[in-house]
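These notes are about the structure you will find just below.
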Amino acid sequence: MNKSIQTSPKFTLLCAVIITFTCLTCSRPGKENTVKQNETRGKCGQTLDAWEWRDPLPWGNSPCDIAYGNGQFVVAADGGVIFTSSDGIDWKRKNLCTLYNFHSIVYEAGQFVAVGDSGTIFTSRDALSWYSRNSGTRKCLNAVSFGNNRFVAAGEDGTICVSQDAVSWKLNQQSAGDDFRDLTFGSGTFAAISYPGSIFTSIDGIDWVRIEHDSTDNSHPRYLYYIFYAQNTFMASGNVFLTSTDGKKWRKQEELAKYNLIFCIPAGDRCLAFGTIEKNYKKTVIAVSLKDQDGITWTPVDLKGDTLRFMSKCAYGAGIFAGLGGANCIYTSQDGSTWTRRIQEKSSFGYKLPRSVAYGNGRFIVVCTRGGVYTSPDGVVWTTGNSRVKEDFVVVAFKGDRFAAMSEDGSLMTSIDGVTWNSLDRFEPGHFLPVIFAAEKYIAVGDFGTVLTSPDAISWTIAKVPTKQRLISAAYGAGQFVAVGENGTIISSSDGATWETRSSGTTEDIYSIAYGAGRFIAVGFYGLILTSPDGITWTQEISGTQNFFHSITWGDNQFLAVGTHGILASRTASDSVVASPADTIFCLWPSADYTSYDVRSVYPRSEAWSMEAMVPVNLQTFSFPDLPVNGKSIDDFIPQGWDILDSVSGDLNKDNSADIAMVIQYRDSVHIDESFSQPRVLVILFKGNNDNQYHLAEQSNTFILMDDEPNREDPFSGIGISKGVLNLNFHLFYTMGSWFMTGSSYKFRYQGNEFVLIGADMNIYARNTSDFEDFSYNFLTKKRRFIKGSFSEESEVKNDTVWSTIKIDKLETMKTFSQPYSWKVDQENYL
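Read in order, the letters of the sequence shown correspond to residues 58 to 888 in the working numbering.
Next comes the structure, spelled out in C-alpha cells:
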C-alpha cells in the first residue's frame, strides 16, 4: 500500500450553481435544549438583507417529498427549503432557515408537517407561515404519517416522535439499532419498515410490535425500502413485494416485485403507483393502477407526453397529479397517464461547474470546469466568455485593471473584460494561491499552515502560525488579516506576523473568505456560511443549501458565492473600503519537494508572467537530535522541546529488566519530508542490571509515522510489549478521498544485537461495502494467512481463508526496514 501526501485536493463537483447571499440568523430546529418554546416561528433575522438564490433556477435544492392540502401543493427540499404552488405550474420558494434537509411531508388534520435531519419538525396550516417544533431528539426523522388522531414521525435508531396537535411532541425510543425508513397508516394501524427488512406495527404510535414474516431464504435476503397503504391494503416494496390487509399477516407477491414500486397515491376510486423496470441494463419508469381491494391486481398505465426520467414522489389534489421527477423536474397530469414537464432546473453554466469568482472592472467573472468562463454585471444575467482552455479552471483573481486565471494543467490567462482572454506562459501544474495586499504588506497563505509576509513582494518572511492545517484563502478588513482553511480553521492577525486561532464553531472545510459591508463572509463545505464583524468572533448563518461553496467575492454592493450547485448573493445599501488592490497580480507557487515557494507575478499591461519577480522562499528545515548513549533516567533521553507521545515497559532483551520503548514528539511543526508536521522518534532503552542506568538500544527517526496530512487521522496507534516482542501499531483513515481504512501492526524481536521484524498484520476495511481483508505475515516460518469477508449481509463476498508462502531472502531489521508502507512484501501489499 503506497503512502501519499495529499497537497492539492481536487473537488468533484456534481452540478453548477450560483447563489447570492444575504446573511441570515436563526435557531437550529431540532437541536436539544435550544427550542424552548413549543412554537418558534421559522423566520430568519437579517444581517444584510436576505440570501437570494441566483442559479440554477428555480430550485437549487433537491426536492424530497410533496403533499397537497388547503389548495396548495407543497414540496419539502434539501436545506430546509419549501416550494408552494396552487396549480403545480407556478412555484414560489421559501427558506425556513434550518441547517438541515427535509425527508418527508404530509398534510393531515388541517396542517402540513415536514420532518428531516437532526430531529427537524416544521408545521404550517396555510403553507405560508411555518413554525419549528421541538422534537426532543437530534436523530434523523425519515418519515411522518397521521392516524388515530395523532401524528407519528419515525427515524434512525428506533426513534419515534408522537403528537396529537403537531405542536407538542413526545419522544419515544423503540428498538435501538433499527433505523426506520418509511411509515404509513391504514386500517387503524401504523406500519413502519426498518433496515434491512423488518416490519413494525402500532395502534397509538407508542407501543410497537415487530412482525415476523417469511419472505426470504438464506441465499436471497429481503430488503424493504418503501411502505404505503391503499385500497384497504398495506404494501411493502423492495427486492420483494409484500401485502397485508391488517399489518400482521404478510404475503409475498412475486409478480409485483419486478415493478420496484416507490410510492402509491390514492386518487378517487383508484390509486396510482410508480416504479422502475430494468431491461438490458436500462431503467424505465413505469406506472401501475390499482382498483381492486386486494393490492394484487395492478394494471400498467400507458405513459404519454413528456418523458419521465424518474418519479420519486407524487401528490394528488384538485384533480391534478404533481410529481417529482429526475433532475429536479416537476411534472403534472390530470389523468395519471399524460404528463407535462412544468419545471426544469436550468443553470447559466450548463454542465460546467463553478470553481472560483472575482469582481473587477464593473463585472463578476466565474471560471468553471472544462475551461468555462462567464461574466455578469450584476450576478444575475451571465454571458459566456472564450478562454480557449479545455482543462478545468482552478482560480481567478483581479488586480490592477485585469483578471488572471489558472487551470489545472498550468495554463495562465489574463483578460480585461472576461470575454476575451490572452494566454500567458504555461507552468507545471500546481497551486495558484493569490496573494493579498493590505496595510502596506503582501500576505500569502498555503499548505501546512504556511503564511508568508512581504513589504515589497521580493523579500519574504515565514510567519509563526498556530496551525498546520492547509490554508486556502485570506482577506483583510476591520484592521485584521484573516486566513481560512481545512477542518474549520480560522486564524487572524493585526500585523500579518503574529497569528491567533479563532473559533469557527465547525470542523467543516472553509474554502474562501471575503470582506465587504463591514463584515467578513467565509464559505465552504456543505453550504457553510460564517460571518464576523471583526474576524475574531464568528457566527454560522443559514444558506438554505447543503451544496459546497468554493469561492466568494465582494463587488457591486453584494457578496457573490459560487459552489457545486449554485450561486448565492446578498445586497447591501452601501459599499465599504476593503484591501487595496496591488498594481501586480502575484501568486505563490510551491516547488515540487516543498523546500521553497516561488513568488511569481504578472503586471497588468504585460502578457507574460514576470520572470524577474520569481523569488525563492527557503522554508525551515529540521535536524533530528542525537540522543545520549547512556542516562540515569528516562528524562535524560528527552531533548528540550520534545514530549513523550507514548511509552511502554517490558523485558526486550531477556535479562528480566524493565526496558523502555517510547515515542517522543517535537512540540512545533516544521518542514520535513515534503510536509509540515511534528517530527517523531522511536526510542528503545535497555535497563542495565549492573549499573541501574538506561542504555540507548535503538533510535529510529523514520519508523513512527507523523500526523502530517490534514485529511487523515493521526496514523500512530500506539506501542506495546508482549512476551519480549515490540509491537508498533498504525492505522490509515482518510476523512475524504478514500473509502478504505487500513490497520497495521509490526512485531520486532531483539536478536543478534538488533531488532528484527519477525511478523506483521494488516487489515483493510472498505467503509462503503463493509468488505474486509486480513493479512498476517510470519517471517520466521515464511507463511502468510489471508482472510477475506464482509460484515454486510448484502455483500457478495464470501468468507475465505488462504495460506501461502512468503518469498524473502532474509529478515528485515528496524534499520533496513525504516518506514511503514514502504516495503512491497508481495503482489498485494506494501507493509
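Quick reminder that beta carbons are idealized off the backbone N, C-alpha and C, glycines included.
Between Gly295 and Leu281, the C-beta spacing is below 7 Å. The shortest CA-to-CA distance from Thr177 to any of Arg559, Ser861, Tyr188 and Ile717 is the one to Tyr188. Here Lys525 carries a coil assignment [DSSP, helix/strand/coil]. In this structure, the straight-line span from the alpha carbon of Thr873 to that of Ala715 is close to 26 Å.
In the structure shown, Asp504 adopts helical secondary structure according to DSSP, grouped into three states. Relative to Thr180, the option among Gly137, Ser142, Thr194 and Asp147 whose CA is nearest is Gly137.
Here the alpha carbons of Leu240 and Asp303 stand approximately 15 Å from one another. Note on Thr563: 16 or more other CB atoms within 10 angstroms of its CB, so buried under the neighbour-count rule.
Per DSSP, Ala754 is one residue of the beta strand (DSSP E) stretching across Tyr751 to Ser757.
The three-state reading of DSSP puts Leu313 in helix, counting H, G and I together. The count of Cβ pairs closer than 8 Å, one atom from the region 600-611 and one from the region 568-579, reaches three, so the stretches are in contact.
Less than 7 Å divides the Cβ of Gly581 from the Cβ of Asp566.
In the DSSP assignment, the residues bridged to Met470 are Ala462 and Ser480.
Per DSSP, the continuous beta strand (DSSP E) segment holding Cys218 begins and ends at Thr216 to Ser220.
Judged by DSSP secondary structure, Gly204 falls within the beta strand (DSSP E) whose first and last residues are Leu198 to Gly204. Collapsing the DSSP output to three states places Ser192 in coil.
The beta carbon of Leu888 sits closer than 6 Å to the beta carbons of Ala817, Trp880 and Val882 from its chain, once the five residues preceding and following it are set aside; these are given in chain order. In the structure shown, the three-state DSSP call for Ser175 is helix. Here Asp831 is bridged, per DSSP, to Asn820 and Ile844. The Cβ neighbour count for Leu837, taken over all protein chains shown within 10 Å, is under 16; the residue is labelled exposed.
Secondary structure at Tyr583: helix, using DSSP grouped into helix, strand and coil. Between Ile500 and Thr510, the gap from beta carbon to beta carbon is short of 7 Å. By the Cβ criterion, the region 736-752 is in contact with the region 705-720, since at least three pairs of Cβ atoms, one from each stretch, lie closer than 8 Å. Just so you know, the alpha carbons of Asn191 and Cys154 end up roughly 15 Å apart. The region 592-599 makes no contact with the region 164-174; the number of CB pairs closer than 8 Å stays below 3. Under a 10 Å Cβ-count criterion, Val541 is classified as buried, with 16 or more other Cβ atoms of the shown protein chains found around its own Cβ. Under the three-state reduction of DSSP, Ile691 is assigned to helix. The residue from Asp764, Ile691 and Gln615 with its alpha-carbon nearest to that of Tyr751 is Ile691. Annotation: Ser706 to Asp214 spans about 43 Å, alpha carbon to alpha carbon. Residues of the same chain with a CB within less than 6 Å of the CB of Asp135, apart from the 5 flanking positions on each side, are Asn118, Ser119, Asn158 and Gln603 in chain order. For the set Ala211, Thr870 and Gln230, the Cα lying nearest the Cα of Lys804 is the one of Thr870. Pairwise C-beta distances place the region 384-400 out of contact with the region 423-431, as fewer than three of them are shorter than 8 Å. In terms of CA proximity to Phe760, Ile776 leads the group Glu766, Asn747 and Ile776. About 24 Å separates the beta carbon of Gly442 from that of Val492, a gap too long to meet the 8 Å contact definition.
When only Cα atoms are considered, Pro685 and Ser847 end up about 49 Å apart. Minimum Cα-Cα distance from Asp683 among the listed residues Val727, Glu755, Leu709 and Asp513 corresponds to Glu755.
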